[in-house]
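S.K.: So the mapping is simple: the working numbering equals the position in the sequence shown, first residue as 1, plus 1. I have a structure here, written as structure tokens, and I will follow up with some questions on it.
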Amino acid sequence: MSFSIRSHVLHRDGAPVAQARTPNVGGPLRSPTLLVMHYTAGFTAASAIAALTGRAKKVSAHLVIDRDGTVTQLAPLNVVTWHAGPSSWKGRKLCNSFSIGIELVNCGPVLERADSKPNKPVLIAEVATKKIMDPKDCARLQHKNGEGTPFWQIYPEEQMEVAIGVARAICETYGIKDIAGHYDIAPTRKRDPGPAFNMLSFKSAVFGRDDDERETVRIATKKGVVEKPREELTAKDLLAAGSETIGAVVTAKRAVVAGGLVTVAAGGTVATEPNETLTQVQTTALSIADTAQAVSTAKDSVSALAGVGHWFATHWIVVVVAAAVVSIGVAFYYIWRAAQIIEQRRVRGARTGENIERLS
């Protein structure tokens, strides 16, 4: 399975994907710099395509990817579609004007019905409360916006494999370096693609990063568990983790494997004893702090030398004049001193008669 783009039309294994043109488009999309991922908040590609090609809702996207991996294109990739709405990314507003939008068939948040029995929840879709969901099709996840929705529909392996291939073709063709979720560009309005969509691993698969070498640390703080890349940890992070939690340091590696996205455990060292964990954390923190202090000191020294050099470079005339004045002053001092010595010798000679013979 391979994807390519010809004349702004997506091709799969050399043939164009299914087309269902939408009237909800804007002007030309010149030099897109962002790919935006959405979920459809529905259950079928047919319903999503009907909504995105109808005139009533005035919404659209470039592509729809069904749960079985079927792709339908709704607009050429060089035409503006209306998928982002009021939005902003890295200081630029109106993301429709510089982004390509992909819709993934997914109903999004899943609720637990009120009459559920303990340990046997009955799950219903938030967008259709009469729709009972298969528990195997859902996962208990926490959205990064902090909302309390307990479950979310997962993205099947076939769908994610196709999404990665499509995104890779788009990014390579148009030179796109950024991928974001709808929530990222409109956080006060949207929740898609939701926590079931692993954006970090998805971007790693699309851009070909060696994500299996990426090591993260999960630390427990008063605000809850925080996961940060190891290279971004600060001494304050580690000291706080050591003082608030014992045994909370866990290393993990994320890997992208053929056929889907899988999170695997790292083979790193994990302390098994509380005291050992605390010692490791504190030692690492102190080492980071010492290194930071050394770097800061060296930086200050270099800055000071640079400042002196800059002053001399911009005030060289003052330096030359000052040197000349000092030199003249020193010369006059020695001339005056020499005259003093000669006068002292003359007076002493006159008193002792030492100069009589020289004068006669």
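All C-beta atoms in this analysis are idealised placements derived from N, C-alpha and C, irrespective of residue type, glycine included. Everything numeric in this text was worked out from a predicted model, so none of it was measured.
With contact counted as at least three CB pairs below 8 Å, one residue from each stretch, are the stretch 120 to 137 and the stretch 161 to 176 in contact?
M.R.: no
S.K.: Count the other C-beta atoms from every protein chain shown that fall within 10 angstroms of the C-beta of K191, then say buried if there are 16 or more, exposed otherwise.
M.R.: Within the sequence shown, residue 191 is the residue found at index 190, counting from 1. Classification for K191: buried.
S.K.: Alpha carbon to alpha carbon, what distance is there between G147 and A293?
M.R.: Counting from one through the sequence shown, the residue named residue 293 turns up at place 292. Counting from one through the sequence shown, the residue named residue 147 turns up at place 146. Because the pLDDT of A293 is 49, which lies under 50, any placement of that residue in the model is unreliable, and the number read from its coordinates should be weighed accordingly. Those two C-alpha atoms are separated by around 34 Å.
S.K.: Tell me the rounded alpha-carbon separation between K59 and P24.
M.R.: Reading the sequence shown from its first residue, position 58 is the one you call residue 59. Reading the sequence shown from its first residue, position 23 is the one you call residue 24. Cα to Cα, the separation comes out at about 9 Å.
S.K.: Could you tell me the alpha carbon to alpha carbon distance between S244 and L142, rounded to whole angstroms?
M.R.: Position 243 of the sequence shown, counted from the first residue, corresponds to residue 244. Position 141 of the sequence shown, counted from the first residue, corresponds to residue 142. Per-residue confidence for S244 stands at a pLDDT of 36, beneath the threshold of 50, marking its modelled position as unreliable; the derived number appears in the next sentence. When rounded, the distance between both Cα atoms is 28 Å.
S.K.: Could you pull the start and end residues of the alpha helix (DSSP H) that V167 belongs to?
M.R.: Mapped onto the sequence shown, residue 167 falls at position 166. Its alpha helix (DSSP H) spans residues 158 to 175.
S.K.: Below 8 Å, how does it come out for the stretch 111 to 118 and the stretch 61 to 80: are there three or more Cβ pairs, yes or no?
M.R.: no
S.K.: For A47, which option in A126, A164, E104, R31 has the closest C-alpha, if you only look at C-alpha atoms?
M.R.: Taking the first residue of the sequence shown as 1, we reach residue 47 at position 46. When only C-alpha atoms are compared, the closest one is E104.
S.K.: Less than 7 Å between C-beta atoms, sequence neighbours within five positions excluded: which residues of the same chain meet that for I186?
M.R.: Position 185 of the sequence shown, counting from 1, holds the residue named residue 186. Correct list, in chain order: V37, A85, S88, S89, W90, C96.
S.K.: Just the Cα atoms here: how many angstroms apart are H144 and P157?
M.R.: Position 143 of the sequence shown, counted from the first residue, corresponds to residue 144. Position 156 of the sequence shown, counted from the first residue, corresponds to residue 157. Straight-line Cα distance between these residues: approximately 19 Å.
S.K.: Hey, which unbroken runs of the beta strand (DSSP E) at 3 residues or more fall wholly within the stretch 71 to 157?
M.R.: 72 to 74, 80 to 82, 100 to 105, 110 to 113, 124 to 126, 129 to 133, 139 to 141, 152 to 154
S.K.: Quick check on DSSP: helix, strand or coil for G195?
M.R.: Counting from one through the sequence shown, the residue named residue 195 turns up at place 194. Three-state result, G195: coil.
S.K.: For the putative contact between M2 and G166, defined by C-beta atoms under 8 Å, what is the C-beta separation to the nearest angstrom?
M.R.: Sequence index remark: in the sequence shown, residue 2 carries index 1 (1-based). Sequence index remark: in the sequence shown, residue 166 carries index 165 (1-based). Confirmed, about 6 Å.
S.K.: According to the neighbour-count rule (16 or more other Cβ atoms, all chains shown, within 10 Å of its Cβ), is V319 buried or exposed?
M.R.: Taking the sequence shown and counting its residues from 1, the one referred to as residue 319 is at position 318. Looking at its Cβ environment, which holds fewer than 16 other Cβ atoms inside 10 Å, V319 is exposed.
S.K.: Have a look at P29, H9, I50, A42 and flag the residue whose alpha-carbon is nearest the alpha-carbon of A21.
M.R.: Start at 1 with the first residue of the sequence shown, and residue 21 comes out as number 20. Answer by Cα proximity: I50.
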